[in-house]
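Heads up: the sequence lines are chains V and A, in that order.
Sequence positions in the first sequence follow our numbering and run 12 to 227.
Sequence positions in the second sequence follow our numbering and run 842 to 1035.
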Amino acid sequence: MDAAEVEFLAEKELVTIIPNFSLDKIYLIGGDLGPFNPGLPVEVPLWLAINLKQRQKCRLIPPEWMDVGLDLTVPEFKPCLGLCAASMDPLGFPLSLKIKKLEKIRDHERKEETFTPMPSPYYMELTKLLLNHASDNIPKADEIRTLIKDVWDTRIAKLRVSADSFVRQQEAHAKLDNLTLMEINTSGAFLTQALNHMYKLRTNLQPSESVQSQDF
Amino acid sequence: MTEELDPTAQDSDGGSEEVVLTPAELIENLEQEENLRRAKKGDLKVSIHRMEMERIRYVLSSYLRCRLMKIEKFFPHILEKEKTAHEGELSSLSPEELVFAKQYMANTETYLKNVALKHMPPNLQMVDLLRSVPKPDLDSYVFLRVKERQENILVEPETDEQRDYVIDLEEGSQHLIRYKTIAPLVASGAVQLI
């Protein structure tokens, strides 16, 4: 597969948009898309969302994980309405407890040696398409871009290290959960071809009748 | 519909081709839909449907292109398999593909004969395509995703010092392994190649 095909598959993911037109329910081959009313959010596949945005017919809402703001779902977080200590920011929230979603993901990824689950199996493609076409609808676009790139670099480095040890120890099998299609695709073709060559060289070292070789 | 076609389309090496269930009918359905929708007014609706159709057409044609590429690459072995298949077993090629494969073989033989073979000494004028065209490499490594849980898959050792060991394949996990070990699972649909 090449990268364009992986992006094509990623375009089937659903994203939320806010249309500025109205249209009743449409029955597509891949599924139904609910009635469109101006101002009301509706879920559509990414390819349609990008197209509508380009025609200026909608506003894109970034997915929940594409966020570099306050994570209000963190349980330790308690807004103090009364006494304010010196380490509070103007809104009254303790500064040290401001936790950013994507940063959390990046730090988790850096800490762990294995691959951590990603918020979406197509996080790279979603980020790229949404930031390219709808960066005006997404707050802190540059920070998001940097964080996603950091996560990607960390994961590709881990992939390189594990491919290296796979080859060195001549393993026969590897488990790669939590790897997204784009990452597998980036390094997969080279890795499988190299492994195939090595397998051929190895089996030719051990002469046996079961190995068929062709005459030409 | 498109989701099922997508992963099977991008098959990795192995020469295993699954039966295509009526792609021609799918295309007819698409055109029907398009005509139906075109009857109603509303430029936006029509353009959305047309966009979706283009996407589906792309998936179908890239699937077909992949199959034709495999046929052209491994044609003697595929035709051999067709010949030795028992009656009652499903062919893995559609009728049009079978015709294509046979014509391709005939054309290649004619070409080789006219270009080189008829000028060779009489006892060297035959070429055995079955032996000279490389077979699909069933030992190549593939990435796969598990759809149904499998137990006790035997993993053969790569070097002499390693032993055989068994692994379990959990649902939803992804692996890198040699194709031969899991070939029957691909055919039965328990795993999906990436």
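Cβ coordinates follow ideal geometry from the N, Cα and C atoms, glycine included.
Here the structure is a predicted model, which means the values were calculated and not measured.
Asked, Found
"Looking at the unbroken beta strand (DSSP E) that takes in Q1015 (chain A), where does it start and where does it end?", "Q1015 to R1019"
"Three Cβ pairs or more, each shorter than 8 angstroms: is that satisfied between the region 151 to 159 of chain V and the region 186 to 199 of chain V?", "no"
"Return no unless some Cβ of chain V is closer than 9 angstroms to the Cβ of M961 (chain A).", "no"
"Quick one: what's got a C-beta closer than 7 angstroms to P975 (chain A)'s C-beta in the same chain, skipping five residues either side?", "none"
"Could you list which residues in chain B have their beta carbon closer than 7 angstroms to that of D78 (chain V), in chain order?", "Protein chains V and A are contained in the structure displayed, whereas chain B is not."
"Mind checking who K186 (chain V) pairs with in its DSSP beta bridge?", "A:H1016"
"With a threshold of 7 angstroms on Cβ separation, who are the neighbours of L1026 (chain A) within its own chain once the five nearest residues in sequence on each side are excluded?", "Q991 and V1032"
"Residue range of the alpha helix (DSSP H) that I40 (chain V) falls in?", "Premise fails: I40 (chain V) is in no alpha helix (DSSP H) and is neither H nor E."
"Going by DSSP, what residue range makes up the beta strand (DSSP E) through Q991 (chain A)?", "Q991 to V996"
"Comparing alpha-carbon positions, which option in A:L985, A:S902, A:S973 and A:H918 lies nearest T191 (chain V)?", "A:L985"
"For the region 895 to 920 of chain A, enumerate the residues whose C-beta is nearer than 9 angstroms to any C-beta of chain V, in chain order.", "R896, I897, Y899, V900 and S903"
"According to DSSP, is Q65 (chain V) helix, strand or coil?", "helix"
"Is there at least one Cβ from chain V nearer than 9 angstroms to E989 (chain A)'s Cβ?", "no"
"I'd like to know if the region 20 to 28 of chain V and the region 53 to 61 of chain V are in contact, where contact means that at least 3 CB-CB pairs between them fall below 8 angstroms.", "yes"
"Which residue comes first and which comes last in the beta strand (DSSP E) that contains V983 (chain A)?", "Y982 to V987"
"Quick test of the definition: if touching needs 3 or more C-beta pairs under 8 angstroms, does the region 133 to 149 of chain V touch the region 60 to 80 of chain V?", "yes"
"With 16 as the cutoff for other CB atoms within 10 Å, does M910 (chain A) come out buried or exposed?", "exposed"
"Using a Cβ cut-off of 9 angstroms (strictly closer), state whether H8 (chain V) contacts chain A.", "Only positions 12 to 227 of chain V appear in the structure, and residue 8 (chain V) is not among them; the question remains open."
"For a contact meaning CB atoms closer than 8 angstroms, what does Y982 (chain A) contact in chain V?", "L202, T203, L206, N207 and Y210"
"Is V1032 (chain A) close to chain V, meaning its C-beta is less than 9 angstroms from at least one C-beta of that chain?", "no"
"Can you tell me which of the three DSSP states V974 (chain A) falls into?", "coil"
"Is there a Cβ of chain A sitting closer than 9 angstroms to that of K68 (chain V), yes or no?", "yes"
"Would you kindly work out how many angstroms separate the C-alpha atoms of N31 (chain V) and K64 (chain V), rounded to a whole number?", "10 angstroms"
"Can you tell me whether Y1020 (chain A) is buried or exposed? The criterion is at least 16 other CB atoms within 10 Å of its CB, across all chains shown.", "buried"
"How is the alpha helix (DSSP H) around I167 (chain V) delimited, first residue to last?", "A152 to R179"
"Under 8 angstroms by Cβ, that's how I've got E194 (chain V) and R166 (chain V) pegged, so tell me the actual separation to the nearest angstrom.", "6 angstroms"
"Among residues of its own chain, excluding the 5 on either side of A947 (chain A), which ones have a beta-carbon nearer than 7 angstroms to its beta-carbon?", "none"
"Among residues of its own chain, excluding the 5 on either side of F916 (chain A), which ones have a beta-carbon nearer than 6 angstroms to its beta-carbon?", "A942, Y945 and M946"
"Mapping the DSSP letters down to three states, classify T127 (chain V) as helix, strand or coil.", "coil"
"Could you compute how far the alpha carbon of E16 (chain V) sits from the alpha carbon of I897 (chain A)?", "13 angstroms"
"Taking all protein chains shown into account, decide if A60 (chain V) is buried (16 or more other Cβ within 10 angstroms of its Cβ) or exposed.", "buried"
"Consult DSSP for M118 (chain V) and reduce its assignment to one of helix, strand or coil.", "In the sequence as presented, Met is not what sits at residue 118 (chain V); that position holds Asp. Here D118 (chain V) sits in helix by DSSP."
"Measuring only the C-alpha atoms, how far is L141 (chain V) from A21 (chain V)?", "12 angstroms"
"Start and end of the alpha helix (DSSP H) containing T203 (chain V)?", "L192 to L216"
"Would you please verify whether the beta carbon of L34 (chain V) is less than 9 angstroms from any beta carbon of chain A?", "yes"
"Determine the direct distance from the alpha carbon of P150 (chain V) to that of E75 (chain V), and round the result to whole angstroms.", "12 angstroms"
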